[in-house]
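**Q** Numbering (the working numbering), first residue to last: 1 to 256.
Glycine residues also receive a C-beta, built at the ideal position from the N, C-alpha and C atoms.
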Amino acid sequence: MEVEGVIVQQDPFLYASTDYSYNITHHAFEQEKPNPQNLHIYGSNNGGYWDSPAAICLPGKRRRVKPTKNKEEMENRRMTHIVVERNRRRKMNDYLAILRSIMPPSYTQRGDQASIVGGAINFVKELEQLQQFLEANNHANKNLFSNFFTFPQYSTRPSAAVEQRQSRIADIEVMMVECHANIKVSTKRHPKQLLKLVTGFQSIGLTILHLNITTVDQSVLYSFSVKVEVECQLTTINEMATTVHDILGMIQEGNL
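(1) According to DSSP, which residues form a beta bridge with residue 221?
(2) Going straight from the alpha carbon of residue 171 to that of residue 131, what length do you get?
(3) Using only alpha-carbon positions, find the residue among 182, 133, 167 that is nearest to residue 259.
(4) Quick one: grab the DSSP three-state call for residue 227.
(5) I'd like to know if the segment 225-243 and the segment 190-197 are in contact, where contact means that at least 3 CB-CB pairs between them fall below 8 Å.
(6) Let's test the definition: count the other Cβ atoms within 10 Å of the Cβ of residue 152 and tell me whether it reaches 16, buried, or not, exposed.
(7) Looking at the secondary structure, which residues open and close the alpha helix (DSSP H) in which residue 253 lies?
(8) Looking only at its own chain, which residues have a Cβ that is under 6 Å from the Cβ of residue 250, when we skip the five neighbours before and after it?
(9) What residues are listed by DSSP as bridge partners for residue 180?
(10) Quick one, are the C-beta atoms of residue 149 and residue 184 less than 8 Å apart?
(11) Check the C-beta distance from residue 99 over to residue 116 and give it rounded, since I have them as a contact under 8 Å.
(12) Using a Cβ-Cβ cut-off of 8 Å, state whether residue 223 counts as contacting chain B.
(13) Go to residue 205, then tell me how far its alpha helix (DSSP H) extends in each direction, as first and last residue.
(14) If you draw a straight line from the alpha carbon of residue 216 to that of residue 147, how long is it in whole angstroms?
(15) Could you say which of 124, 71, 222 lies nearest to residue 174 if we only look at CA atoms?
(16) Cα separation between residue 93 and residue 86?
(17) To the nearest angstrom, how far is the alpha carbon of residue 243 from that of residue 200?
(18) Would you decide whether residue 80 is buried or exposed? Buried here means 16 or more other CB atoms lie within 10 Å of its CB.
(19) Grouping DSSP H, G and I as helix and E and B as strand, with all else coil, what is residue 209?
(20) In this structure, how does DSSP classify residue 110 when only helix, strand and coil are distinguished?
(21) Within 10 Å of its beta-carbon, does residue 134 have 16 or more other beta-carbons around it, so buried, or fewer, so exposed?
(22) Would residue 225 and residue 210 qualify as a contact pair, given that the criterion is a beta-carbon distance under 8 Å?
(23) Buried or exposed for residue 102, going by 16 or more other Cβ atoms inside 10 Å?
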C-alpha cells in the first residue's frame with residue numbers, strides 16, 4: 001500500500017517556496033498491527049535521495065524515556081541492603097557460636113538459633129540461683145580457715161581472749177620450739193604476695209624449710225616451717241607474729 005503526500009513549506013527569508021515529496025511505503029504488517037520499525041521513508045530534497053528507519057510515531061503513541069537514573073539508584077540500594085543483611089547474619093552467627101561455646105553442652109544439644117538462645121536463658125537463670133546461694137553463705141566462707149588456728153596472736157574474728165589482737169589484715173598464729181617455728185597466715189590473695197613474704201622472712205633472719213599453700217576463692221592459707229637463725233632479733237612468738245603482721249600490712253598497702 002502506498003500513501004502519497006505533499007508538504008509545502010514557505011520560508012520568506014531563503015526561498016519563495018519549497019516542495020518536499022515523500023513516499024511512505026509500508027513493507028509488512030503482521031496480523032494487521034502496525035510496526036514502526038518496518039516503515040521506511042523515501043524522499044527527495046533537491047535531487048538527493050535518502051533511506052532511514054522511520055523516527056516517527058503512529059498517532060496516539062508516545063515514546064517512553066527509560067528511567068536510567070532511577071534504575072541505577074534502585075540497584076545501588078538493593079546491593080547495599082544485601083551487604084548490610086549479609087554482615088548482620090555473619091555477626092549473629094558469630095555471637096551464637098560464642099554463646100554456645102561458653103555454655104555446657106547439655107544446654108545446647110541442638111544447634112539452631114532458638115535452641116541456643118533458650119539454653120542461654122536457662123543457663124543464666126541457674127547462674128543467678130548459684131549467685132544467691134553463694135551470697136547467703138558468704139559469711140561462712142570468710143571463716144573457712146578458722147579451724148586451722150588454735151591460739152592465734154592476730155585474728156580477724158571477734159574474740160574475748162585478751163592475748164588475741166583484732167586485725168583486718170590476716171589471721172596469724174606463731175608456734176616456736178627451740179630454733180624452729182611454725183607460722184600460719186590466713187589472708188586475702190594479692191599479686192606477688194608469697195614472693196614478698198619470703199623476702200621479708202629472710203630479711204629478719206627466718207629461713208623457710210617447708211611451705212604449704214591452700215587457696216579458696218580469694219582467700220589463701222600459708223603454713224610456713226622456718227628456722228630461726230642466730231642473727232634473728234625476734235625472741236618471742238608475739239614479736240614474730242607482730243613482725244609478720246607488719247610485713248603483710250606493707251604488702252597490701254604497696255609499700256613492699
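**A** According to the structure data:
(1) Answer by DSSP bridge pairing, in chain order: 186, 214.
(2) Near 27 Å, if we compare the C-alpha coordinates of residue 131 and residue 171.
(3) No answer is possible for residue 259: the residues shown for the chain start at 1 and end at 256.
(4) Strand, per DSSP.
(5) Judged by Cβ distances under 8 Å, the segment 225-243 makes no contact with the segment 190-197, as fewer than three pairs qualify.
(6) Its Cβ being crowded by 16 or more others within 10 Å, residue 152 is buried.
(7) Its alpha helix (DSSP H) spans residues 237-253.
(8) Excluding positions up to five away in sequence, the list reads 256.
(9) DSSP, once it has assigned bridges, lists 177, 227 as partnering residue 180.
(10) Result yes, Cβ atoms of residue 149 and residue 184 sit closer than 8 Å.
(11) Rounded, the Cβ-Cβ distance is 6 Å, consistent with contact.
(12) This model lacks chain B altogether; it includes just one protein chain.
(13) Residue 205 -> no alpha helix (DSSP H), and no H or E assigned at all.
(14) The straight-line gap from Cα to Cα measures roughly 14 Å.
(15) Nearest option by C-alpha distance: 222.
(16) Each residue's CA atom was taken as its position, placing residue 93 and residue 86 some 11 Å apart.
(17) Cα to Cα, residue 243 sits roughly 9 Å from residue 200.
(18) Exposed is the call here.
(19) If DSSP states are grouped into helix, strand and coil, residue 209 belongs with the strands.
(20) In the three-state reduction of the DSSP assignment, residue 110 falls in the coil class, being assigned neither a helical nor a strand state.
(21) Exposed.
(22) Yes.
(23) Classification of residue 102: exposed, given that the 10 Å Cβ count is below 16.
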